[in-house]
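Colleague:
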Amino acid sequence: MQIAVKNISKDFGRKRNAVHAIKDISLEVDHGEFLGIMGPSGAGKTTLLNMISTNERPDHGQIVIDGLDLTQLHDRDQAKYRRNKMGFIYQSFELLDSLNVKENVILPLALNRANKKLIEERFNYMMQLLNIEKLSDRAIDELSLGQRQIVAAARALINRPEILFADEPTGSLDSKSATILLNYIQMVNEKEKTTILMATHDAFTASYCSRVVFIKDGVIFSEIVNPGNRDKFFEQIINMQRTIGGGDYFNVSKNY
Amino acid sequence: MYRKIIKRSLSNMRDSYLIYILACSFAIGIYGILLSIGDSPSVYIALHWWDSFIYDITNIMSSLFAFFAFIYMIYVGGFFVKQQRNEFLTFEKLGMQRWVIITISFFQTAIVQAVAWLIGLMLMLVFQKFMGMLLFYLMQVHFNFGMYLSWDDLWLIFQVFLISTLILSVINAIKTMRILQKKQRRTIVKTRWWLRIPAGLFGVVLLLSAQVATLYLFKDMRTISYSSRPLMEVAYIMVADIFGTYLVYYGFLPTILNVMEKMRSVSYSGINLFSFKYMKERLFQNISILWFVTELSALALALLTFCYFGYQAVHQNYNSAYPFELAANKDTVKVIGGELKKSDAKVKGSYKTDVKINLVSYYSKSSQSYIRQPMTFMSYSDYKSLPKRMRKYNPKINGHEFLKIDYNSSIMYHNDSKEHDIEVKDAPMIQTAKQGHSFPYGSSMHFGPMMIVPNKYYKNMPSEVKDTFYGWDFKKGDRLSKQQLHKLGNYRDAYYMKVDFKSSLADSTIEVMKKEPNKYEAATYTQAGFLRQGNLKKQFRQGGGFYLFIVALFSIALLVALGSVLTLRILLRDDYQSTQLRTLQKIGVEESEIKGIIRRENTLTFLIPIVFALIQSFAAIAMFDFGRHISKNIVLIYAGYIILYGMFGVISFQVSWRGVKQKFKL
Ligand SMILES: Nc1ncnc2c1ncn2[C@@H]1O[C@H](COP(=O)(O)OP(=O)(O)O)[C@@H](O)[C@H]1O
Ligand SMILES: [Mg+2]
Numbered sequence: 001m002q003i004a005v006k007n008i009s010k011d012f013g014r015k016r017n018a019v020h021a022i023k024d025i026s027l028e029v030d031h032g033e034f035l036g037i038m039g040p041s042g043a044g045k046t047t048l049l050n051m052i053s054t055n056e057r058p059d060h061g062q063i064v065i066d067g068l069d070l071t072q073l074h075d076r077d078q079a080k081y082r083r084n085k086m087g088f089i090y091q092s093f094e095l096l097d098s099l100n101v102k103e104n105v106i107l108p109l110a111l112n113r114a115n116k117k118l119i120e121e122r123f124n125y126m127m128q129l130l131n132i133e134k135l136s137d138r139a140i141d142e143l144s145l146g147q148r149q150i151v152a153a154a155r156a157l158i159n160r161p162e163i164l165f166a167d168e169p170t171g172s173l174d175s176k177s178a179t180i181l182l183n184y185i186q187m188v189n190e191k192e193k194t195t196i197l198m199a200t201h202d203a204f205t206a207s208y209c210s211r212v213v214f215i216k217d218g219v220i221f222s223e224i225v226n227p228g229n230r231d232k233f234f235e236q237i238i239n240m241q242r243t244i245g246g247g248d249y250f251n252v253s254k255n256y
Numbered sequence: 001m002y003r004k005i006i007k008r009s010l011s012n013m014r015d016s017y018l019i020y021i022l023a024c025s026f027a028i029g030i031y032g033i034l035l036s037i038g039d040s041p042s043v044y045i046a047l048h049w050w051d052s053f054i055y056d057i058t059n060i061m062s063s064l065f066a067f068f069a070f071i072y073m074i075y076v077g078g079f080f081v082k083q084q085r086n087e088f089l090t091f092e093k094l095g096m097q098r099w100v101i102i103t104i105s106f107f108q109t110a111i112v113q114a115v116a117w118l119i120g121l122m123l124m125l126v127f128q129k130f131m132g133m134l135l136f137y138l139m140q141v142h143f144n145f146g147m148y149l150s151w152d153d154l155w156l157i158f159q160v161f162l163i164s165t166l167i168l169s170v171i172n173a174i175k176t177m178r179i180l181q182k183k184q185r186r187t188i189v190k191t192r193w194w195l196r197i198p199a200g201l202f203g204v205v206l207l208l209s210a211q212v213a214t215l216y217l218f219k220d221m222r223t224i225s226y227s228s229r230p231l232m233e234v235a236y237i238m239v240a241d242i243f244g245t246y247l248v249y250y251g252f253l254p255t256i257l258n259v260m261e262k263m264r265s266v267s268y269s270g271i272n273l274f275s276f277k278y279m280k281e282r283l284f285q286n287i288s289i290l291w292f293v294t295e296l297s298a299l300a301l302a303l304l305t306f307c308y309f310g311y312q313a314v315h316q317n318y319n320s321a322y323p324f325e326l327a328a329n330k331d332t333v334k335v336i337g338g339e340l341k342k343s344d345a346k347v348k349g350s351y352k353t354d355v356k357i358n359l360v361s362y363y364s365k366s367s368q369s370y371i372r373q374p375m376t377f378m379s380y381s382d383y384k385s386l387p388k389r390m391r392k393y394n395p396k397i398n399g400h401e402f403l404k405i406d407y408n409s410s411i412m413y414h415n416d417s418k419e420h421d422i423e424v425k426d427a428p429m430i431q432t433a434k435q436g437h438s439f440p441y442g443s444s445m446h447f448g449p450m451m452i453v454p455n456k457y458y459k460n461m462p463s464e465v466k467d468t469f470y471g472w473d474f475k476k477g478d479r480l481s482k483q484q485l486h487k488l489g490n491y492r493d494a495y496y497m498k499v500d501f502k503s504s505l506a507d508s509t510i511e512v513m514k515k516e517p518n519k520y521e522a523a524t525y526t527q528a529g530f531l532r533q534g535n536l537k538k539q540f541r542q543g544g545g546f547y548l549f550i551v552a553l554f555s556i557a558l559l560v561a562l563g564s565v566l567t568l569r570i571l572l573r574d575d576y577q578s579t580q581l582r583t584l585q586k587i588g589v590e591e592s593e594i595k596g597i598i599r600r601e602n603t604l605t606f607l608i609p610i611v612f613a614l615i616q617s618f619a620a621i622a623m624f625d626f627g628r629h630i631s632k633n634i635v636l637i638y639a640g641y642i643i644l645y646g647m648f649g650v651i652s653f654q655v656s657w658r659g660v661k662q663k664f665k666l
C-alpha cells in the first residue's frame with residue numbers, strides 16, 4: 001500500500017453558505033495501481049485529488065504516502081515533495097504557450113536544476129516512449145488538442161514521478177485522441193510502474209483503470225475492480241452510474 | 001444588465017483603476033488648488049505688493065498643468081481599453097450590438113473620470129488650506145491662509161470637468177470601435193535580429209559619444225559667453241541621448257535576454273527557462289513606454305537641476321549685491337548713524353574697512369581691450385575680517401595672492417580665468433590676480449572693480465583717494481521710517497571722481513568733486529553714499545519661496561505621472577500572460593519563484609529608465625557645475641527623486657503580486 005487516505009473532509013465557504021465538498025472519505029491505493037475516481041460533476045473528484053496531491057489541505061483527517069503523513073508537513077516541504085514525486089495532467093493541458101514543446105516538457109527537470117545531460121537523456125527517452133519525437137521543436141499552438149495532452153503527459157512523467165494525478169485528462173479530447181492518450185497512460189502504468197490516480201466522469205475513460213471508486217456528494221458510494229476484461233468492466237461502470245443517478249453517460253462536464 | 005457589465009469590469013481592474021484615479025485626482029486637486037490660490041483674498045492681502053504676479057503665474061501654471069494632465073489621461077486611459085479587448089470581442093461574439101459595446105466603453109470612462117474628479121475636488125478642499133499655509137511658510141509670510149473658492153473658479157472647474165470627460169469618453173469609445181473593427185488577435189512582434197543588433201550597437205555608440213560630449217561640456221561650458229561650442233555640444237547630447245536610448249532599448253534589451261535564453265547553462269536552470277521568454281515578451285510590449293519614461297525622468301531631473309542652479313545663481317547675485325543690510329562710506333556714516341539712533345533698530349554687528357582708490361591699467365582678455373580705470377584696494381587682513389558670507393563665492397586666496405573682484409556679465413556663467421600684468425600707479429605691477437565677483441559691502445557700493453592685496457603691498461601703496469566703508473547687520477531690519485529714507489535720499493551719491501588720463505599712468509590724476517559735474521563725461525565715476533536691503537530682502541525671500549513651491553509641485557506631479565504609468569503597465573497584463581503564470585503554479589512551481597519572476601520584471605521596468613535617466617541628466621549638471629565637484633545639494637535632490645521613484649517601484653511590486661495571487665485563487 002502506497003497511499004492511505006484516512007477520514008478526510010473539506011468544506012468550502014462559511015456557516016450557512018458552506019459546501020461540504022468532501023465528507024469523511026477513506027481510501028487506500030497500492031503501488032502501481034491505476035485508480036479511477038468517478039462521479040458526476042460537482043461530486044468532489046477534483047477536491048479529492050487536490051488534497052491527495054497536497055495542493056489543498058483537508059480540514060480533518062490524514063494523508064499518508066509511503067508512511068509519511070503529508071498533512072503534518074509545512075507548505076514548503078509539501079511543494080518540494082510534490083515536485084519530486086508527483087506529476088499532473090489537467091483537462092485544460094496547462095501548457096505554456098510561449099515555450100515550445102521541448103521546453104514545456106523539460107520544465108520540471110529544469111525547475112529542479114537537473115544537469116543538461118540528464119535533461120537531454122530523459123527528454124529523448126520520453127519522446128520515444130510516447131512516440132512524439134517529431135513534435136519536439138513545434139510551438140504549442142501548432143498542435144492538435146490530442147497532441148497537446150500527450151505533450152502534457154510527457155511533461156508530467158519526465159521526472160519519473162511515483163504518482164501521476166490526472167484530472168479529467170480526456171475531457172477536452174475527441175474519442176480517438178482520448179483512446180490514444182489512454183493507451184499511453186496504461187502503457188506508462190505498466191512499464192514504469194507509476195501509480196496513477198485519474199478523475200473522470202466518463203465511463204469509457206474509467207474502463208482503462210484497474211479499479212474505480214465512485215463518489216457522490218462527497219462520500220464514497222462504492223467501488224469496482226477491473227475483472228480483466230475492459231468491455232465487461234465498462235458495462236459494470238455504466239450500471240453503477242445508473243444506480244447512482246445524476247451523472248449520466250452523455251453529460252458534458254463544465255468543470256475544470 | 002449593462003450596469004452589471006460595467007460594474008464587473010470596473011471591479012475586475014480595481015487595483016489599476018485605483019492607481020489611475022488616485023493619480024488623476026492628485027492632478028485635479030493640484031489644478032484646483034493652483035486655480036483657487038491665485039485669487040484667494042488671503043494671498044491678495046498678504047502679498048499685495050506682488051500685485052497680480054502671483055495670480056498670473058498660478059493661472060498660467062494651472063492651465064499648463066491641466067493640459068499635461070489631460071494628455072496623461074488620454075494616454076493612460078487607452079491602457080484600460082486595450083486591457084478589455086478580449087472582453088469586448090467576446091461581447092460581440094455573444095451577439096451584442098457594436099454601438100452597445102461602444103456605449104459601455106463610453107460610460108465606463110465617464111464614470112471613472114467622474115469619480116476621479118469627485119475625489120480630486122475633495123482633495124482640493126481638504127488640502128487647499130494646507131497648501132496655502134505651505135506657500136506662506138515658504139514665502140516666510142506670517143499670515144493665516146483662509147479657505148476660499150470663488151464661484152467663478154467652481155464654474156470653470158465644472159466646465160473643465162464636463163469637457164475633458166466628454167472628450168476622453170469619446171476618445172475611448174473610438175478606441176473601442178477600432179478594436180471591434182479589426183479583430184486580429186494578439187499581434188506577434190517580429191524580432192528581426194538583423195535590424196535590432198545594428199540598431200542597438202548604433203544606440204550604444206550614440207550614448208557613449210553623448211557621455212564623451214558631456215565630459216567636454218564640463219570643460220567648455222565656461223566659454224559659453226564667446227563660443228558656440230558648448231551650445232552645439234548640448235544640442236548634440238540631447239539628440240544623441242534621446243535617439244540612443246531608444247535604439248538601445250529597441251535593439252539590446254531583447255537581445256540580451258535572447259542571448260541568455262540561448263545559453264543552456266543559464267536557461268536550463270530553474271525557472272529561467274520560462275522567465276526569460278516572459279520578460280522578453282513584456283519588454284517587447286513596453287519598449288516605447290520605457291523610453292518615454294526615461295526621457296521624461298531625465299527631463300525632470302534636468303529641470304530640477306536648472307531650477308536649483310538658477311536659484312543658486314540668483315541667490316548668489318543677490319548676496320553679492322547686498323551683503324550688509326545697510327552700508328555707508330565716510331561721508332554718510334554720521335548722518336546714517338544718527339538716523340539709526342532715532343529709529344529703534346537693534347544693531348547685530350557693525351563693520352568698517354579702510355580702502356584706497358588708485359588708478360590702474362591692464363589688458364582685459366574678456367573684452368579684448370586695454371582698460372584704464374580707478375580701482376578700490378583693500379588689504380588682505382581687512383578682507384578676512386569681514387563676515388564669511390562676503391567671501392563665500394570668491395576663490396580662496398592666501399596672504400600673498402591678489403584677488404580682483406569685478407562685475408559679472410552673466411549671472412549663470414562666471415569667467416574665472418586669472419588676470420595678468422595689472423599696472424598700478426606708483427606701485428609694483430601685479431603679475432597675477434585671481435578673479436571673483438562677490439564685492440564686500442555690495443557691488444553697488446563700488447564704481448569699478450576692486451582688488452584685494454597683501455597687507456604689505458597695501459601699506460606701501462599710494463592712493464589718489466582714501467575712503468572708509470561701513471556696514472551694519474540688524475535684528476529685524478533697520479526700522480528706518482519712510483521720512484528718514486526720504487531724507488537719506490539726498491546722500492545717495494557721496495562724491496564724484498573725474499579722472500584725467502594721460503599717456504602714462506604716473507601722470508594721470510583723479511579729481512574728487514562733491515557736486516555732480518554738469519556734463520557727463522566718460523571718465524567720471526560716482527562713489528555711492530549708502531546701500532540698503534530694505535524691502536528687497538523680503539521680496540527676494542518670498543519670490544524664492546514661491547518659486548520653490550511651484551517647482552516642487554511640478555516635479556512631484558511629474559513623478560506621480562511617470563510612476564503611475566509604469567505601475568499601470570506592469571499591472572495590466574494580458575489575460576494571456578496571467579494565465580501563463582497561473583499555469584506555472586499549477587505544474588508545481590513554488591509561489592516564491594513566481595514572486596521572483598514578478599519582482600524581476602518589476603525591478604527591470606523601474607530600474608532601466610532611472611539608470612538611463614541618471615546617465616543623461618549628468619549633462620544637465622555639467623552645464624552648471626563645471627570645474628567644481630558635484631555639489632552636495634544636487635546629490636540630495638537627485639537622491640530624493642530616486643527615493644520617491646523607488647517607492648513607486650515597491651508599491652507597484654506589492655500591488656502587482658497581490659493581483660497575480662488573487663488570480664491564482666480563482
Ligand atoms: N474553491 C472552491 N470554493 C468553493 N466551493 C468549491 C471550490 N472548489 C470546489 N467547490 C465546490 O465543491 C464541490 C466539489 O467540487 P469539485 O471537487 O470541483 O467537483 P468535481 O471535480 O467532482 O466536479 C462543488 O460543489 C464545488 O462547487
Ligand atoms: Mg473537477
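Heads up: the sequence lines are chains V and A, in that order.
Counting along the first sequence from 1, when you hit position 87 you're at 87 in full-length UniProt numbering, and nothing is skipped either side.
Counting along the second sequence from 1, when you hit position 344 you're at 344 in full-length UniProt numbering, and nothing is skipped either side.
Ideal placement from N, C-alpha and C gives every residue a C-beta, glycine not left out.
Closer than 8 Å is the cut-off here; do at least three beta carbon pairs connect the region 146-164 of chain V with the region 76-91 of chain V?
Modeller: yes
Colleague: At a threshold of 7 Å, does residue 191 of chain V count as lining ligand 2 (C-beta to nearest heavy atom)?
Modeller: Counting from 1 along the first sequence, the entry for residue 191 of chain V is found at position 191. Not under cutoff, so the answer is no.
Colleague: Taking only beta-carbon positions, decide if residue 331 of chain V is within less than 8 Å of chain A.
Modeller: Outside the displayed range of chain V (1 to 256) lies residue 331 of chain V, so it cannot be described from this structure.
Colleague: With a threshold of 8 Å between beta-carbons, can residue 586 of chain A be considered close to chain V, or not?
Modeller: As a first step, residue 586 of chain A must be located in the second sequence, where it is residue number 586. Closer than 8 Å to some Cβ of chain V, the Cβ of residue 586 of chain A qualifies, so yes.
Colleague: Nearest-angstrom Cα distance between residue 78 of chain A and residue 172 of chain A?
Modeller: The residue given as residue 78 of chain A occupies position 78 in the second sequence. The residue given as residue 172 of chain A occupies position 172 in the second sequence. Answer to the nearest angstrom: the Cα atoms are 7 Å apart.
Colleague: Could you run through the region 569-601 of chain A and flag, in chain order, every residue whose CB is less than 9 Å away from some CB of chain V?
Modeller: 576, 577, 579, 580, 582, 583, 584, 586, 587, 588, 589, 590, 591, 592 and 593
Colleague: Using DSSP's beta-bridge definition, name the partner residues of residue 86 of chain V.
Modeller: Along the first sequence, read from residue 1 onward, the residue named residue 86 of chain V stands at position 86. For residue 86 of chain V, the pairing in a beta bridge is given by DSSP as V/163.
Colleague: Express the C-alpha separation of residue 85 of chain A and residue 126 of chain V in angstroms, rounding to a whole number.
Modeller: As a working mapping, residue 126 of chain V is identified with position 126 in the first sequence. As a working mapping, residue 85 of chain A is identified with position 85 in the second sequence. Those two C-alpha atoms are separated by around 39 Å.
Colleague: Taking 8 Å as the threshold (C-beta atoms), are residue 257 of chain A and residue 276 of chain A in contact?
Modeller: Walking along the second sequence from the start, residue 276 of chain A turns up at place 276. Walking along the second sequence from the start, residue 257 of chain A turns up at place 257. Closer than 8 Å, so yes.
Colleague: Kindly indicate if chain V contains any beta-carbon less than 8 Å away from that of residue 661 of chain A.
Modeller: Within the second sequence, numbered from 1, the residue matching residue 661 of chain A stands at position 661. Residue 661 of chain A is outside the set of residues whose beta carbon lies under 8 Å from a beta carbon in chain V.
Colleague: If the cut-off is 9 Å on Cβ atoms, which residues from the region 107-131 of chain V count as contacting chain A, listed in chain order?
Modeller: 107, 108, 109, 110, 111, 112, 113, 114, 115, 116 and 119
Colleague: Helix, strand or coil: how does DSSP classify residue 361 of chain A here?
Modeller: Residue 361 of chain A sits at position 361 when you count from the first residue of the second sequence. It is a strand residue.
Colleague: Whole-angstrom Cβ separation of residue 501 of chain A and residue 528 of chain A, contact assumed at under 8 Å?
Modeller: Residue mapping note: residue 501 of chain A aligns to position 501 of the second sequence, counting from 1. Residue mapping note: residue 528 of chain A aligns to position 528 of the second sequence, counting from 1. Contact flag wrong, Cβ pair sits at about 23 Å.
Colleague: Please identify, using Cβ separations under 8 Å, the residues of the region 74-96 of chain V that lie next to chain A, in order along the chain.
Modeller: Listed by position, the residues of the region 74-96 of chain V near chain A (Cβ gap below 8 Å) are 76, 79, 82, 83, 86, 88, 90, 94, 95 and 96.
Colleague: Note down, in chain order, every chain D residue with its Cβ under 7 Å from the Cβ of residue 103 of chain V.
Modeller: The displayed structure is made up of protein chains V and A, and chain D is not among them.
Colleague: On the three-pair Cβ rule with 8 Å, is the region 237-252 of chain A touching the region 611-620 of chain A?
Modeller: yes
Colleague: What does DSSP give as the partner residue(s) for residue 436 of chain A in the beta ladder?
Modeller: Taking the first residue of the second sequence as position 1, residue 436 of chain A is located at position 436. Paired residues: A/405.
Colleague: Comparing C-alpha positions only, which one of A/146, A/136 and A/137 sits nearest to residue 126 of chain A?
Modeller: Residue 126 of chain A sits at position 126 when you count from the first residue of the second sequence. Nearest C-alpha to residue 126 of chain A: A/146.
Colleague: State yes or no: is the C-beta of residue 174 of chain V within less than 8 Å of the C-beta of residue 199 of chain V?
Modeller: By one-based count along the first sequence, residue 174 of chain V stands at place 174. By one-based count along the first sequence, residue 199 of chain V stands at place 199. Contact: no.
Colleague: Say whether chain V places a C-beta atom closer than 8 Å to the C-beta of residue 295 of chain A.
Modeller: Position 295 of the second sequence, counted from the first residue, corresponds to residue 295 of chain A. Under the Cβ criterion of 8 Å, residue 295 of chain A is not counted among the residues facing chain V.
Colleague: Between residue 618 of chain A and the rest of its own chain, which residues show a CB-CB distance below 7 Å, the 5 nearest in sequence each way excluded?
Modeller: In the second sequence, counting from the first residue as 1, residue 618 of chain A sits at position 618. If we look at residue 618 of chain A and ignore the five residues flanking it on each side, its Cβ neighbours are 214.
Colleague: Is there a C-beta anywhere in chain V that falls below 8 Å from the one on residue 278 of chain A?
Modeller: Walking along the second sequence from the start, residue 278 of chain A turns up at place 278. Yes, residue 278 of chain A lies at the interface with chain V (some Cβ there is under 8 Å from its Cβ).
Colleague: How far does the beta strand (DSSP E) with residue 67 of chain V in it reach, from first residue to last?
Modeller: Along the first sequence, one-based indexing puts residue 67 of chain V at 67. From DSSP, residue 67 of chain V is part of no beta strand (DSSP E); its letter is neither H nor E.
Colleague: Whole angstroms are fine: how far does the CA of residue 635 of chain A sit from the CA of residue 401 of chain A?
Modeller: Position 401 of the second sequence, counting from 1, holds the residue named residue 401 of chain A. Position 635 of the second sequence, counting from 1, holds the residue named residue 635 of chain A. Between residue 401 of chain A and residue 635 of chain A, the C-alpha separation is close to 33 Å.
Colleague: DSSP on residue 655 of chain A, reduced to helix/strand/coil?
Modeller: Against the second sequence, residue 655 of chain A aligns to sequence position 655. Helix, per DSSP.
Colleague: Have a look at residue 114 of chain V and residue 101 of chain V and give me their C-alpha separation to the nearest angstrom.
Modeller: Taking the first sequence and counting its residues from 1, one reaches residue 114 of chain V at position 114. Taking the first sequence and counting its residues from 1, one reaches residue 101 of chain V at position 101. So the alpha carbons of these two residues sit roughly 18 Å apart.
Colleague: Quick check on this structure: which residue in V/116, V/219, V/222 and V/208 has the alpha carbon closest to the alpha carbon of residue 231 of chain V?
Modeller: Locating residue 231 of chain V in the first sequence gives position 231, where the first residue counts as 1. The candidate whose alpha carbon is nearest that of residue 231 of chain V is V/208.
Colleague: What is the DSSP secondary structure of residue 186 of chain V, counted as helix, strand or coil?
Modeller: Translated into the one-based positions of the first sequence, residue 186 of chain V becomes position 186. In the structure shown, residue 186 of chain V sits in a helix (DSSP, three-state: H, G or I).
Colleague: Going by the C-beta, is residue 167 of chain V closer than 7 Å to any heavy atom of ligand 2?
Modeller: Here residue 167 of chain V refers to the residue found at position 167 of the first sequence. It does: the Cβ of residue 167 of chain V is within 7 Å (strictly closer) of some heavy atom of ligand 2.
Colleague: Any heavy atom of ligand 1 within a distance shorter than 7 Å of the CB on residue 44 of chain V?
Modeller: As a position in the first sequence, residue 44 of chain V is number 44, starting the count at 1. The closest heavy atom of ligand 1 lies less than 7 Å from the beta carbon of residue 44 of chain V.
Colleague: Report yes if the C-beta of residue 21 of chain V is less than 7 Å from at least one heavy atom of ligand 2; otherwise report no.
Modeller: Here the question's residue 21 of chain V lines up with position 21 in the first sequence. No, Cβ of residue 21 of chain V sits at least 7 Å from all heavy atoms of ligand 2.
Colleague: Counting along the chain, where does the beta strand (DSSP E) carrying residue 11 of chain V start and finish?
Modeller: Looking up residue 11 of chain V in the first sequence gives position 11. Unbroken beta strand (DSSP E) run through residue 11 of chain V: 3-12.
Colleague: Taking the Cβ atom as the reference point for each residue, do residue 473 of chain A and residue 348 of chain A lie within a distance shorter than 8 Å?
Modeller: Within the second sequence, residue 473 of chain A is the residue found at index 473, counting from 1. Within the second sequence, residue 348 of chain A is the residue found at index 348, counting from 1. Yes, the Cβ-Cβ distance between residue 473 of chain A and residue 348 of chain A is below 8 Å.
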